[in-house]
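Numbering (the numbering used here), first residue to last: 100 to 572.
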């Protein structure tokens, strides 16, 4: 393993934390929030030292990075970067312990949204912005990891190469500058556009920033104890629902539309997802909860499929299990949403149908195209999709068993385990809004930290890394 190349890219990621530290320092000084200013200075110095040192050590080895090195870099990033993000929590005036600080930062970087902060309204604005920033950076890094490594044709864990836009990232780490700049600018301008939309519907600018960082990354942190405190009208709810489509649809969709490269043939996944959302909204609104506002129904559906989980849902009808199942579905393969991913479900259902059809009519030719595109589903795609599904089921039972040891009911343990593995916040949408993460014991918190990370980077990727490290070819 080329450790220097791993350190090089870890150093670059660490320098991103430095950038956000500078922003928070400037924000704190400008608005005279200087109580926690030292915590951001410590974060800036620490991240600069670590980032610069790692970059310097690996600067001559950045091009010699193998697939195993890339996965190692991804895994280490999800442990190291949250550690840097935890510094302002730990050194703040709120007496947050080291474990709780790390829990909060991991929850942000994995875009999960679990929080140990029980009264968000009492937290100063720079720290709220810091929480949201961790989500934004986590979403960006997840896109880079998905397009560059986890979804590449070489490893096929998240077969993003089958979807329009995924092919551009097959050699991401050999063409780091080009791919990073392209992904960063799409992500950045999408965020700016979302902030602009929120400003148009009279959301306060700071709240607009925090909400944009949350929605664009499919995160769960909100700058208040209750989302209804800042999202009040049906128009605001509907616009928020629309912005949650960003982490559902293909990341390159808007880019393709603007650059006139869009073709329905290569965005069949997005058409399927759009059809699914429309069908579910109509079904729920007209036949299940017709008394609920239409905007709230749209919001509940998009929030669940995007694996964000933020909500203003207040219906007396308990649909928590249904919405949890939607978080398992997830959005596009190339998006910031977590979950199993719609295309994997499509692959498993299509191959299952074809196997049954083959038994009935064995001489027929089997169509292995994905949707109506030219991309072909091979046997390895099916095997990996099945392994991911099995690993998800096993993880649910393991984590549920751990959670039941902490005085949680079996129902809450089961729900929380699924939400953890889909990186979705535990909100009223899933009947989990009264859960206090602060009161959980340390072992439970450490278990949640581990599974939040493993679910984001895919457990199969870690298994692949271990296998390649032990059985080197």
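Ideal placement from N, C-alpha and C gives every residue a C-beta, glycine not left out. Given the structure is predicted, the values throughout are model-derived calculations rather than measurements.
- In the DSSP assignment, the residues bridged to residue 468 are 475.
- Secondary structure of residue 162 (DSSP, three-state): coil.
- By the beta-carbon neighbour count (other beta carbons within 10 angstroms, threshold 16), residue 500 is exposed.
- If you check the CB distance, residue 313 and residue 219 do not come in under 8 Å.
- Residues of the same chain with a CB within less than 8 Å of the CB of residue 513, apart from the 5 flanking positions on each side, are 495, 499 in chain order.
- Put simply, of 251, 318, 138, 240 the residue whose alpha carbon is nearest the alpha carbon of residue 167 is 251.
- Around the CB of residue 456, fewer than 16 other CB atoms lie within 10 Å, so the residue is classed as exposed.
- The beta-carbon distance between residue 408 and residue 523, rounded to whole angstroms, is 4 Å. This is short enough to meet the 8 Å contact definition.
- Residue 157 and residue 104 do touch by the CB rule: their CB atoms are close to 6 Å apart, below 8 Å.
- A residue is called buried once 16 or more other Cβ atoms fall within 10 Å of its Cβ, and residue 487 is buried on that count.
- In this structure, the straight-line span from the alpha carbon of residue 138 to that of residue 404 is close to 36 Å.
- DSSP, read as helix, strand or coil, puts residue 536 in coil.
- Residue 294 and residue 398 have their C-alpha atoms spaced approximately 18 Å apart.
- The continuous stretches of alpha helix (DSSP H) do not include residue 527, and DSSP gives it neither H nor E.
- Scanning its chain for C-beta atoms nearer than 7 Å, with the 5 sequence neighbours on each side dropped, one finds around residue 141 the residues 186, 190, in chain order.
- By the Cβ criterion, the stretch 419–426 is not in contact with the stretch 445–454, since fewer than three pairs of Cβ atoms, one from each stretch, lie closer than 8 Å.
- In this model, residue 412 and residue 527 are separated by some 7 Å (Cα to Cα).
- When the Cα atoms are used, residue 459 and residue 365 turn out to be separated by approximately 32 Å.
- When C-beta atoms of the stretch 171–186 are compared with those of the stretch 195–208, three or more pairs fall below 8 Å, so the two segments count as touching.
- According to the DSSP assignment, residue 375 belongs to the alpha helix (DSSP H) that extends over 367–382.
- Taken in chain order, the whole alpha helix (DSSP H) runs of length 4 or more contained in the stretch 427–460 are 441–459.
- With a contact defined as Cβ atoms closer than 8 Å, residue 209 and residue 551 qualify at about 5 Å.
- A distance below 7 Å between beta-carbons, with the five flanking residues on each side excluded, links residue 558 to the following residues of its chain, in chain order: 490, 494.
- When only Cα atoms are considered, residue 309 and residue 350 end up about 20 Å apart.
- Shown here, residue 545 sits in a helix according to DSSP, grouped into three states.
- Counting C-beta atoms within 10 angstroms of its own C-beta, residue 102 has fewer than 16 neighbours from the protein chains shown and is therefore classed as exposed.
- With 16 or more other Cβ atoms inside 10 Å of its own Cβ, residue 169 counts as buried.
- Counted as a single uninterrupted DSSP element, the alpha helix (DSSP H) harbouring residue 335 occupies residues 333–342.
- Burial state of residue 302 is buried, judged by a 10 Å Cβ sphere holding 16 or more other Cβ atoms.
- Non-local C-beta neighbours of residue 234 in its own chain, meaning closer than 7 Å and more than five positions away in sequence, comprise 207, 210, 312, 313, 316, 318, 320, ordered along the chain.
- Residue 515 and residue 162 have their C-alpha atoms spaced approximately 41 Å apart.
- In this structure, DSSP gives residue 100 a state outside helix and strand, which the three-state scheme calls coil.
- Exposed is the label assigned to residue 359, since fewer than 16 other Cβ atoms lie within 10 Å of its Cβ.
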